[in-house]
Every structure is written in structure tokens, then in C-alpha cells.
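All remarks here apply to the structure that follows.
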Amino acid sequence: MAQNPAKIVGFDPMPLCFLQYQFLRFFALENRLSFEMLGIEELLYFEKNFDVLLCLGVLYHRKSPLEAIKLVYNALKSGGEAVFDSLILEGEQEIALCTFKGWLEKCGFREITHIATLKTTLEEQRKTKWSSGESLEDFLTPSGEQTIEGYPAPRRAYLKAKRIHWICHKYINVKINA
Numbered sequence: 526m527a528q529n530p531a532k533i534v535g536f537d538p539m540p541l542c543f544l545q546y547q548f549l550r551f552f553a554l555e556n557r558l559s560f561e562m563l564g565i566e567e568l569l570y571f572e573k574n575f576d577v578l579l580c581l582g583v584l585y586h587r588k589s590p591l592e593a594i595k596l597v598y599n600a601l602k603s604g605g606e607a608v609f610d611s612l613i614l615e616g617e618q619e620i621a622l623c624t625f626k627g628w629l630e631k632c633g634f635r636e637i638t639h640i641a642t643l644k645t646t647l648e649e650q651r652k653t654k655w656s657s658g659e660s661l662e663d664f665l666t667p668s669g670e671q672t673i674e675g676y677p678a679p680r681r682a683y684l685k686a687k688r689i690h691w692i693c694h695k696y697i698n699v700k701i702n703a
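Residue numbers for the sequence shown follow the working numbering, beginning at 526 and rising by one.
This is how it looks when you write it as C-alpha cells:
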């Protein structure tokens with residue numbers, strides 16, 4: 526709140542997240558906070574609306590991460606910034622991290638900055654009474670350092686990217702009558 530935003534809006538389709546918001550808002554006593562029980566798909570209706578978007582814990586759940594990234598891009602104002610995270614498999618070439626950056630570039634983002642890569646913990650990717658099926662622990666060896674297939678355990682990469690409008694003069698044809 527130090528930068529005095531006009532409004533801060535949270536989006537998540539899960540009722541539990543809405544209840545958490547209501548609990549925190551009770552203590553925050555801040556009228557600029559709001560929450561919508563909407564998913565990333567609904568960003569389609571907020572074109573060029575936001576200065577900053579955080580897309581955390583979303584991309585690796587999407588059938589098409591590129592479509593999700595494009596929705597975030599289109600919802601940002603010119604000069605707006607987004608922070609993304611995604612699970613990656615690190616290796617000598619960090620192929621997944623390069624792909625993650627490439628996805629952001631392909632969707633139009635520029636000034637992409639790698640913020641951090643952190644270990645994905647069993648505490649954050651765990652089974653709860655609200656989840657069904659398998660979780661991270663089901664796919665790691667007992668040491669937690671490798672997947673059951675022998676790959677390094679997934680890590681979480683954080684990237685910041687900017688929507689910049691620029692004109693490529695190569696594609697502009699202007700006829701000048703002299």
C-alpha cells in the first residue's frame with residue numbers, strides 16, 4: 526500500500542481463497558482491496574486494465590500455458606508488469622527456464638527478468654483434505670532430490686516481464702505524396 530494503488534483486486538475461483546480474503550480484509554480495514562471469484566480465463570474481460578498482475582501457481586495447471594500468458598499480457602496496460610512463477614526442471618542447460626522465458630517473449634512480453642529459482646517444497650505442494658489424487662510427494666524419491674523417473678526434483682522459477690508497445694518501422698508502409 527506504500528505506493529498508493531487505486532485498487533488491488535484478487536482473482537481466484539476457489540471458495541477457500543475467497544474466505545481467506547474475507548478473513549484478512551477484516552483485519553486490514555482497507556477499502557481498496559477486493560476479490561473476485563474468477564479464474565484466469567476471465568482476464569479476457571479486463572483488456573488493458575491492470576498496471577501489475579501476479580500469476581502465481583497457475584501456469585503449470587493449464588492445458589495451454591501460452592494462452593494463459595497471453596491473457597495476462599492482454600489484461601496489462603502499456604508499460605504494465607507481470608510476475609509469473611512456474612515449476613521447472615533444472616539441468617545443466619536449464620531448458621525449462623529457457624522455455625519459460627521463450628513463452629513470455631512469444632506472447633509479447635519484453636524486459637524479462639529472472640527473479641529467483643527456489644526449491645519446490647513438499648509443504649507447498651501437498652495433499653490436503655480439499656485436494657484429491659496425487660501430489661508432489663508421490664512423484665519424488667524418498668530423498669526428495671529426484672523424481673521417480675530420475676530427473677532433478679522440480680524447482681519454482683519466478684520471472685518478471687513488461688508489456689511494452691513498440692512500433693516496428695519495417696512493417697509500416699506510408700505513402701507520402703510530394
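All C-beta atoms, glycine included, are put in the ideal place defined by N, C-alpha and C. The structure presented is a predicted model; accordingly, all values stated were derived computationally and were not measured.
Asked: Which listed residue (C580, A531, T672 and Y676) has its alpha carbon closest to that of L596; Found: C580
Asked: Start-to-end residues for the beta strand (DSSP E) that takes in V608; Found: L601 to I613
Asked: Residues bridged to S668 (per DSSP); Found: In the DSSP output, where bridge partners are listed per residue, S668 has none listed.
Asked: Contact check, L544 vs F575, beta carbons under 8 Å; Found: no
Asked: Touching by the beta-carbon criterion (3+ pairs, under 8 Å), the segment 578 to 592 and the segment 664 to 678; Found: no
Asked: Selected residue, minimal CA-CA separation from P590, among R557, F571, L629 and L647; Found: L629
Asked: Pick from S660, F609, E636 and T638 that is closest to L647, judged by C-alpha positions; Found: S660
Asked: DSSP-derived helix/strand/coil call for Y676; Found: coil
Asked: I594 to L578 span [Cα, whole Å]; Found: 11 Å
Asked: Y683 versus Y570, R550, Q528 and T642, residue with shortest Cα-Cα distance; Found: T642
Asked: Beta-carbon proximity list for T666, same chain, < 7 Å, skipping 5 on both sides; Found: I673
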